Amino acid sequence: MTNRFIQIFFFFFLSCSGCNAQNPTLSKPQKYEFRAAWIATVENIDWPKRGQYNSELQKQDFIRILNEHKKSNLNAVFVQVRDACDAYYAKSTEPWSEFLTGQQGKFPIPFYDPLNFMIEEAHNRNLEFHAWLNLNRATFKKSRTLAPDHISVTKPEWMLVYDGQKLLNFGIPEVRKYITDVVVQIVKNYDVDGIHFDDYFYPYEVTGEVLKDEETFKKYNGGIKNINEWRRSNTDSLIYQISDAIKKIKPRVKFGISPFGVWRNFSLKNPDGSCTQAGLTSYDNLFADTRKWLQQGWIDYIAPQIYFEHTHSKIPYNELALWWKDNTFGKHLYIGQGIYKIKAGWSLTEAPKQIRFNREHILSQGSIFFSSRSLTENYGGFQDTLRRNYYRYPALIPAMPWKDSIPPLAPQKLLVLKNDKGIPVLTWQPGEKAVDDDLNNYYAVYRFEKGEKPDLSKGEKLIYIGKINTFEDTTAEKFRGYIYCVTSFDRLHNESEDYAVFTTEYGYESSK
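Quick note, the sequence shown lines up with residues -21 to -1, 1 to 491 if you use mature numbering (1 follows the signal peptide of the UniProt record, and there is no 0).
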C-alpha cells in the first residue's frame, strides 16, 4: 500500500466517520415529515447571544440560525417568545424580556418587533413559525430586577412560591383568563402558524417543598374533593380555554403541547399507561392529562419529550414511542428528541437509531430537536448526519385534514428555459382561488427522468419546496431530458390534486 493511497484512505475515513459511519445505509427519503428545532431564549440558550443587545446583531444572528436549519432541510421552528410572564414582541401587556434587552421592561435598541421580524424571516424561507410560551413561570430563582408592571408585582395574590420562584396559580379563574388573553394577543396580532407550550404545568416536585394552594382549593374547588384531581381540572380548563379561543379567532393556527415523555406508568389500576417505570409522570405529578387533550381534540399535535436512550432501564425510548403511537387519537405525533445529550455523552448512534425507529415502527409525523444549538453547533456530527442521510432531501409538512382538507388549485403556464450557463430555469403562474378561497401559498417541484412515469409519492423526486414561482435546477445534467412537475400547497399544506408538467426533451407544457 503506497503512502499516497494510505493518505487518501485516511482522509476518506475521517470525512465519513463523523456523519454516516453509524448509518452506512442511506435512509429512504420521506415525502412528508415534520422537521423542527426548538430555539430557546430563556437564559440565552440559543438566541439572542448573551450580552448581545444590539437589535441589528440580534437580527443577523437569527438569520444565521434559520439559514443553518434551512440547509438541513428543516421545515419549522419553535421560538420561545415568553419565558416568565415577559415578551419578545411589541404588542404585549407583559414587559420586554431581560434576555432580549438586558433589563426587564427595556425596549430593543434600535427598536424593532422581534416576533414580527422572526415570523417574516421564517416564512421567507418557507419555515413554519410556532410561538413557544412558558405557561406557569412568573419569576426565576435567581434574584433579578422586575419591571414595575410585571404581573408578579401588580398581582401578588395570583402567585404561588415554590422552590425559590413565583408561579401563576392555575386554580384562580382570573389567572386562567389572563394566560388565555396572552395567547389571544399573539394570535390576533401576529401571523404565527402555531401556539406551543412545553412541559411546565404544575411544578416538578422538589424534595422538602410544598405547593401551598390549599386556600385556593377551598375557594374554587367546585365540588371536587381531591386536590390533585382539582389541579388536573384546572390545567384541563386552561388548555380547553386556549384551544377554544384559537379556534374562534384563527382556526388555521395549530395548537400543540410538548409534555414530559411519560403520561402514566402501566399498572392494574391504570391499564392505559405505558410499560415504563418513571418516578415522575405528567398525569400524577405535573397534573397534566395530556392524553385526554388529544382524545378530546383540544390540541392538534403532541410532541412528547422522549429524552431517553433505547437502552434506558426504566423508560426505554422504543417502548415509550410505541405507546404514544397508539394514543394520539388521530392527531399528529412529533417526537421531541433530546439531542443536547450528545454533548453529555450519548452514543453517536442513539439519535440516528431513534429517527430510524420513528420512521419504521411508529410512523410518526416527524421530530422536534432540543435544542437549536445542538444542530447549529453540530454536536457529535449529528447535523452532518441529517444533511448527508436522513434529511438529505427536503420534505413536506403533513396536512391536518381536521383543520382544512380542501386542496388548492394547481399552478399553471409552466415554462422551462435555459440561462446563459445552460441551467434549466423553471417559471410558472399561481393557480386560481380554490373553493375555500385559498390561494397557492407555496410550491413543490418534482423531477423525473425522460420516459419515467411521474410518481409524486416518491420523496427523492422532490428538488424544490418554496414560495417563489421560479426555480433554477442547478443539479440538472446537460443534454439530458427531464420531466418537471409542479404542484401547489395552501397554508395548511394540502397539495393540489393536479400539477403543471413540462418535458424538456420535447419542449411542451401541459397539466394533469
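Even glycine gets a Cβ: it sits at the ideal position worked out from N, Cα and C.
Since we're looking at a predicted model, the values are computed, not measured.
- DSSP, read as helix, strand or coil, puts ALA110 in strand.
- Under the three-state reduction of DSSP, TRP272 is assigned to helix.
- Between LEU405 and TYR461, the C-beta gap is not smaller than 8 Å, which leaves the two residues out of contact.
- In this structure, the beta-carbon distance from ARG104 to GLY345 does not fall below 8 Å.
- The C-beta distance from VAL232 to ASP172 rounds to 7 Å, short enough to fall under 8 Å.
- ILE174 and PHE234 do touch by the CB rule: their CB atoms are close to 5 Å apart, below 8 Å.
- Counting along the chain, GLN391 sits inside the beta strand (DSSP E) bounded by residues 391 to 397.
- Just so you know, the alpha carbons of SER216 and ILE228 end up roughly 18 Å apart.
- If you ignore the 5 residues before and after ARG366, its C-beta comes within less than 6 Å of the C-beta of SER51, all in its own chain and listed in chain order.
- Per DSSP, the beta-bridge partners of GLY345 are PHE13, TYR313.
- Residue range 403 to 408 is occupied by the beta strand (DSSP E) that includes LEU405.
- Taking a contact as a CB-CB distance under 8 Å, the pair PHE180 and ASN115 counts as one, their CB atoms being some 6 Å apart.
- The alpha carbon of PHE90 has as its nearest neighbour, out of LEU342, ALA69, LEU259, GLY410, the alpha carbon of ALA69.
- One alpha carbon belongs to LEU354, the other to ILE314, and they sit about 16 Å apart.
- Here ARG231 carries a coil assignment [DSSP, helix/strand/coil].
- Setting aside the 5 residues that flank it on each side, HIS472 is surrounded in the same chain by ILE376, ALA378, each with a C-beta closer than 6 Å to its C-beta; the list follows chain order.
- Taking C-beta atoms under 8 Å as the contact rule, THR4 and ASP62 fail to qualify, at a distance of about 42 Å.
- Annotated as distal: ASP178 and GLY150, with beta-carbon spacing of 8 Å or more.
- Boundaries of the alpha helix (DSSP H) around THR355: 351 to 355.
- ASP65 sits away from GLN39, with the two beta carbons spaced by 8 Å or more.
- Under the criterion of beta carbons closer than 8 Å, ASP268 and LYS310 do not qualify as touching, at roughly 15 Å.
- Using a Cβ-Cβ distance cut-off of 8 Å, the region 190 to 205 and the region 254 to 272 are not in contact, since fewer than three pairs of beta carbons, one from each stretch, lie closer than that value.
- By the criterion of a C-beta distance shorter than 6 Å, ASN306 is surrounded in its chain by ARG270, once the five residues flanking it on both sides are discounted.
- Secondary structure of LYS432 (DSSP, three-state): coil.
- GLN144 and ALA117 have their alpha carbons spaced roughly 8 Å apart.
- When DSSP states are grouped into helix, strand and coil, ILE294 belongs to the coil group.
- Pairing GLU188 with TYR141 gives a Cβ-Cβ distance under 8 Å.
- Excluding residues up to 5 positions away in sequence, ASP363 lie with their Cβ nearer than 8 Å to the Cβ of ASN357 in the same chain.
- DSSP places THR133 in the helix class (H, G or I) of the three-state scheme.
- For VAL162, no beta strand (DSSP E) segment is defined; the enclosing uninterrupted segment is the alpha helix (DSSP H) at 152 to 168.
- A contact is defined here as three or more CB-CB pairs under 8 Å, and the region 428 to 442 fails this definition with respect to the region 385 to 395.
- Distance between PHE427 and PRO433, taken at the CA atoms: about 6 Å.
- With contacts defined by Cβ atoms closer than 8 Å, LYS332 and HIS291 do not form a contacting pair.
- Around the beta carbon of SER122, fewer than 16 other beta carbons sit within 10 angstroms, so the residue counts as exposed.
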